[in-house]
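Asks: Sharing a structure here in structure tokens format.
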Amino acid sequence: PDIWNQKQWEEFKEKYPWLDFKDRKLDCCNLSNKVANATRVFKEQGISLPNEWCNYCVEASGNESRNIKLASLRIKIKEHVDSKAHSIAHKFQDQRKANVLGKTIEAISGVVDQASKAVFRTAYYLAKNNLPFSDHENLIELQELNGVNMGKIWHSRYSATGITNRIAKEMQKNMVKLVSSSSKLAVLIAKSTTLSRKATLIVYLKASVEGESPIFMFLDLVELEDQRAKGIVSALLECLLNTGFTDSYLQENWVSFVSDGANVMLGRNSGVATRFCSEHPQLFTWHCMNHRFKLAVADAIDEITTVNHFKVFMEELHNIYSHSNKNERELNEASAEVGPQILHIRQILDVCWVASSFRTVRAVWVSFGALYKHFENASSDTLRNDKERQTYKGLEACLASPEFLCDLVLMYDVLYKLANLSQELQAHSMTFPRAEHLVKRTIRVLASFKDSPGTNAKDLGEFKSITLKPNPKLNCINVGQLLQSLVNNMEKPLSNGDNILADFSILDSSSWPSNPSIRHGEEQVKRWYQAINGIRDYVENPNSEPEDLEPLMICIQTFPCSTAVCERGFSLMNNIATDKRTVLSVSCIASLMLINVNGPPTALFEPKKYLGSWLQNHHSANDTRSRQCKAHTSDPSGDDKKALWHLL
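Numbered according to full-length UniProt numbering, the sequence shown spans residues 1 to 648.
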């Protein structure tokens, strides 16, 4: 409630464990609708349920002073504790827990357990391999034909959906419990839209599990009702709290928030990051490095107007070959390397990841001769109309010009370095000190191209088999201007991290001076932890990490540099929610993603861990009292082939 602070809530929660809250209003866990509807004791004894304690409606009364409001809330809690409804619900909960224990013991015994395990593994296999739930019945039938006891129920796609959701819920619960036990926490988010046009927020965590190096974990996929900053903040906080994190844990252990650079995320006045920092002052917010360098490349390209003809040429190739099956076939015949790349990329240098632009440039570079021959043949093909021949003639003239070739070589050398940087920054084990080192190294390499050209720029003379003719319509890119613009734009992200990068680099012994002082790095470490003795031991013996520094080292590794893992998550989402599975709800997609990303391989999956909670509300797979699955029948459309089947 608004009138309680965190300490008061914890005191009341300790005294009354059944208390719960939502939207700043109180509720009684024992009187949840599920429990109340499951028992007829209330009606039999003529006791009515207090609606306000069943639906999160209890709040302080009156508009008077704070003391009066506090007193009114205490009175409501006291009256509810003394009520018959609360007493009966409390007894029912105790009996229900005892029942659960009995069911759990029964669930893990004998043949029933084996059949249940087999069905659970089958449903898990579907989720792990992105297979439709409709395959569940077919896989059950196949295993029965192989002599496996698959029980008598749980064979439908509806059962597969329920089992998958249950496994995912338990996995999420156990994962949050492990993380909450001791780890510092980083949260990564990104927005996207499903094929069914639903706005979603993907949530990943990075944290240490049982003292090991921090890892990325998928937490949830949240449907966004409001895509403004306020709505995103509310959705994310609700997601974190609903999955098991507490306010007190987040205040103490949430150390980093990472997203892309959209205004709604990182806006200085009212962005998502700004709103979180107002509630969590120690929270470190970061703009994804991959996205930063994509913007750096885009800004550099915008400053160099002469690069436009290079982009226009690549886009013209895409337009010609993506709209004609005949042209696409001819392109693939001319060059198997360049065809797929041209068709998959629409705008060179404008995509999210620089590596995608490099793959297209590399394809043109490798297939330069084949492309030229293809354009030459197409421009003189009498089976084509005049417009098509002129188009190919223009492409041929552009391709065989020294201006275009110089630009192609420059783009190849520059994008090759940037693509390598982009891919290295996406590594799961990437840390801030390592990322800073890679970025600075790439900047130095790009700056060196101004005085000494790249490897491919030295090989322009190898195209002697193609006669190069100057094209007055094309102007070469100003190499020095482009490279300097890239360097300037890439240095900006490094200057926007306050002292964070410098502080982190202190624990990277490769960045130390040759003879460091015994107190080297103390000031930087003071800003993070009181680990002065640990840093002194580390300076004296950098080959071994002191125990005092181990928590700090793990904390630093928890800070993510990139949201590439979120982009991979959206790729997985699109693989799951295909155009044939658009009816899947967002919560179901989230369950499938959680199993796919976090779950162990099928061979290591232990169904026994999840059967107990499932059997609390379901019969076992071998239950004979439930409605039995229909016997499998052959497709009647194939009856005319029975004689052939008999022979085969």
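Where is the CB? At the ideal position from N, CA and C, for every residue including glycine.
All of these numbers come straight from a predicted model, not from anything done at the bench.
Which residues mark the beginning and the end of the alpha helix (DSSP H) in which residue 411 is found?
Replies: Residue mapping note: residue 411 aligns to position 411 of the sequence shown, counting from 1. Run containing residue 411: 402-425, per the alpha helix (DSSP H) assignment.
Asks: Tell me, which residues are paired with residue 22 by DSSP?
Replies: In the sequence shown, the residue the question calls residue 22 occupies position 22. Per DSSP, 25.
Asks: Look at the alpha carbon of residue 663 and the alpha carbon of residue 402, and state the distance between them as a whole number of angstroms.
Replies: Because residue 663 is not part of the residues shown, which for the chain are 1 to 648, the question remains open.
Asks: Alpha carbons only, please: which of 647, 118, 21, 133 is nearest the one belonging to residue 580?
Replies: Within the sequence shown, numbered from 1, the residue matching residue 580 stands at position 580. Of the listed residues, the one whose Cα sits closest to residue 580 is 133.
Asks: Roughly how many whole angstroms lie between the Cα atoms of residue 661 and residue 375?
Replies: In the structure as shown, the chain begins at 1 and stops at 648. Residue 661 is therefore absent and cannot be evaluated.
Asks: Span of the beta strand (DSSP E) holding residue 429?
Replies: For this step, residue 429 is matched to residue 429 along the sequence shown. It is not in any beta strand (DSSP E) - residue 429 carries neither H nor E in the DSSP assignment.
Asks: Does DSSP classify residue 254 as helix, strand or coil?
Replies: Here the question's residue 254 lines up with position 254 in the sequence shown. The answer is strand: DSSP assigns residue 254 an E or B state.
Asks: Kindly indicate if chain C contains any beta-carbon less than 7 Å away from that of residue 116.
Replies: In the displayed structure, chain C is absent; only one protein chain is listed.
Asks: Name, in chain order, the residues that DSSP records as bridge partners for residue 286.
Replies: In the sequence shown, residue 286 corresponds to position 286, counting from 1. Paired residues: 258.
Asks: Cutting at 6 Å between CB atoms, please list the residues of its own chain near residue 466, excluding the five before and the five after it.
Replies: Stepping through the sequence shown from its first residue, residue 466 is reached at position 466. Closer than 6 Å at the Cβ level, and outside the excluded window around residue 466, lie 372, 400.
Asks: Going by DSSP, what residue range makes up the beta strand (DSSP E) through residue 274?
Replies: Residue mapping note: residue 274 aligns to position 274 of the sequence shown, counting from 1. No beta strand (DSSP E) contains residue 274, which is instead part of the alpha helix (DSSP H) from 272-279.
Asks: When we look at the beta-carbon of residue 356 and count the other beta-carbons within 10 Å, is it buried (16 or more) or exposed?
Replies: Residue numbering aside, residue 356 sits at position 356 when the sequence shown is read from its first letter. So residue 356 counts as buried.
Asks: Check each candidate in 389, 358, 405 and name the one with the smallest Cα separation from residue 369.
Replies: Counting from one through the sequence shown, the residue named residue 369 turns up at place 369. Measuring from the Cα of residue 369, the nearest candidate turns out to be 405.
Asks: Do residue 66 and residue 3 have their C-beta atoms within less than 7 Å of each other?
Replies: In the sequence shown, residue 66 corresponds to position 66, counting from 1. In the sequence shown, residue 3 corresponds to position 3, counting from 1. Yes, these two residues count as a Cβ contact at 7 Å.
Asks: Would you mind reading off the limits of the beta strand (DSSP E) that contains residue 164?
Replies: Position 164 of the sequence shown, counting from 1, holds the residue named residue 164. Run containing residue 164: none in the beta strand (DSSP E); it sits in the alpha helix (DSSP H), 157-182.
Asks: Thinking C-alpha only, which one of 239, 302, 598, 564 is nearest residue 224?
Replies: Locating residue 224 in the sequence shown gives position 224, counting from the first residue. Checked all of 239, 302, 598, 564; the closest Cα to residue 224 is 239.
Asks: Taking the alpha-carbon positions, what's the residue 471 to residue 398 distance?
Replies: Start at 1 with the first residue of the sequence shown, and residue 471 comes out as number 471. Start at 1 with the first residue of the sequence shown, and residue 398 comes out as number 398. Their Cα atoms are separated by approximately 7 Å.
Asks: For the beta strand (DSSP E) containing residue 220, list its first residue and its last residue.
Replies: Within the sequence shown, residue 220 is the residue found at index 220, counting from 1. Residues 215-223.
Asks: When DSSP labels each residue in this structure, what does residue 721 get in the three-state scheme?
Replies: Past the edges of the chain, shown from 1 to 648, lies residue 721, and the structure says nothing about it.
Asks: Along the chain, where does the alpha helix (DSSP H) containing residue 68 start, and where does it finish?
Replies: Numbered from 1 along the sequence shown, position 68 holds the residue referred to as residue 68. Here the alpha helix (DSSP H) through residue 68 covers 66-81.
Asks: Pop quiz: residue 244 and residue 184 are said to be a contact at Cβ under 8 Å. What is the actual Cβ separation, rounded to whole angstroms?
Replies: For the purposes of this step, residue 244 is taken as residue 244 along the sequence shown, with counting starting at 1. For the purposes of this step, residue 184 is taken as residue 184 along the sequence shown, with counting starting at 1. Not confirmed; about 16 Å, so no contact.
Asks: Would you report the Cα separation of residue 529 and residue 56, rounded to the nearest angstrom?
Replies: Working through the sequence shown from its first residue, we reach residue 529 at position 529. Working through the sequence shown from its first residue, we reach residue 56 at position 56. Any reading at residue 529 is ruled out, since the residue's pLDDT is 48, under 50, leaving its predicted position unreliable.
Asks: In chain order, what residues of the same chain lie with their CB nearer than 8 Å to the CB of residue 461, ignoring the 5 residues before and after it?
Replies: Numbered from 1 along the sequence shown, position 461 holds the residue referred to as residue 461. Confidence at residue 461 is low in this model, with a pLDDT of 45, below 50, so its placement is unreliable and the value that follows should be read with caution. Here the set comprises nothing.
Asks: Look at the alpha carbon of residue 149 and the alpha carbon of residue 588, and state the distance between them as a whole number of angstroms.
Replies: Residue mapping note: residue 149 aligns to position 149 of the sequence shown, counting from 1. Residue mapping note: residue 588 aligns to position 588 of the sequence shown, counting from 1. If you take the alpha carbons of residue 149 and residue 588, they lie about 28 Å apart.
Asks: Check whether the region 112-123 touches the region 600-617, counting contact only when three or more Cβ pairs, one atom from each stretch, lie closer than 8 Å.
Replies: At 8 Å Cβ cutoff, the stretches touch.
Asks: Please return the same chain residues whose Cβ sits closer than 7 Å to the Cβ of residue 487, not counting the five positions on each side in sequence.
Replies: Your numbering for residue 487 matches position 487 in the sequence shown. If we look at residue 487 and ignore the five residues flanking it on each side, its Cβ neighbours are 443, 446, 447.
Asks: Hey, is the region 199-207 in contact with the region 161-171, meaning 3+ C-beta pairs nearer than 8 Å?
Replies: Not touching, per the Cβ criterion.
Asks: What did DSSP end up calling residue 189 once you bin it into helix, strand or coil?
Replies: Residue mapping note: residue 189 aligns to position 189 of the sequence shown, counting from 1. If DSSP states are grouped into helix, strand and coil, residue 189 belongs with the strands.
Asks: On the DSSP bridge assignment, give the partners of residue 582 in chain order.
Replies: Indexing the sequence shown from 1 puts residue 582 at position 582. DSSP, once it has assigned bridges, lists no residue as partnering residue 582.
Asks: Measuring only the C-alpha atoms, how far is residue 603 from residue 125?
Replies: Taking the sequence shown and counting its residues from 1, one reaches residue 603 at position 603. Taking the sequence shown and counting its residues from 1, one reaches residue 125 at position 125. Each residue's Cα considered, the two are about 10 Å apart.
Asks: Which whole-angstrom value is the C-beta distance of residue 188 and residue 565, which I expect to be below 8 Å?
Replies: Your numbering for residue 188 matches position 188 in the sequence shown. Your numbering for residue 565 matches position 565 in the sequence shown. At roughly 7 Å, the Cβ-Cβ gap stays under 8 Å, so residue 188 and residue 565 are in contact.
Asks: Could you name the residues that DSSP lists as bridge partners for residue 206?
Replies: As a first step, residue 206 must be located in the sequence shown, where it is residue number 206. According to DSSP, which records beta bridges pairwise, residue 206 is partnered with 186, 216.
Asks: At the level of alpha carbons, what is the spacing between residue 22 and residue 568?
Replies: Indexing the sequence shown from 1 puts residue 22 at position 22. Indexing the sequence shown from 1 puts residue 568 at position 568. Taking the straight line from one Cα to the other gives about 33 Å.
Asks: CA-CA distance, residue 302 and residue 136?
Replies: Taking the first residue of the sequence shown as position 1, residue 302 is located at position 302. Taking the first residue of the sequence shown as position 1, residue 136 is located at position 136. Their backbone Cα atoms lie some 52 Å apart in a straight line.
Asks: Please classify residue 190: is it buried, with 16 or more other beta-carbons within 10 angstroms of its beta-carbon, or exposed?
Replies: As a position in the sequence shown, residue 190 is number 190, starting the count at 1. Buried, by the Cβ-count rule.
Asks: Pop quiz: residue 360 and residue 289 are said to be a contact at Cβ under 8 Å. What is the actual Cβ separation, rounded to whole angstroms?
Replies: Translated into positions along the sequence shown, residue 360 becomes position 360. Translated into positions along the sequence shown, residue 289 becomes position 289. Actually they are not in contact, since the Cβ atoms of residue 360 and residue 289 sit about 22 Å apart, beyond 8 Å.
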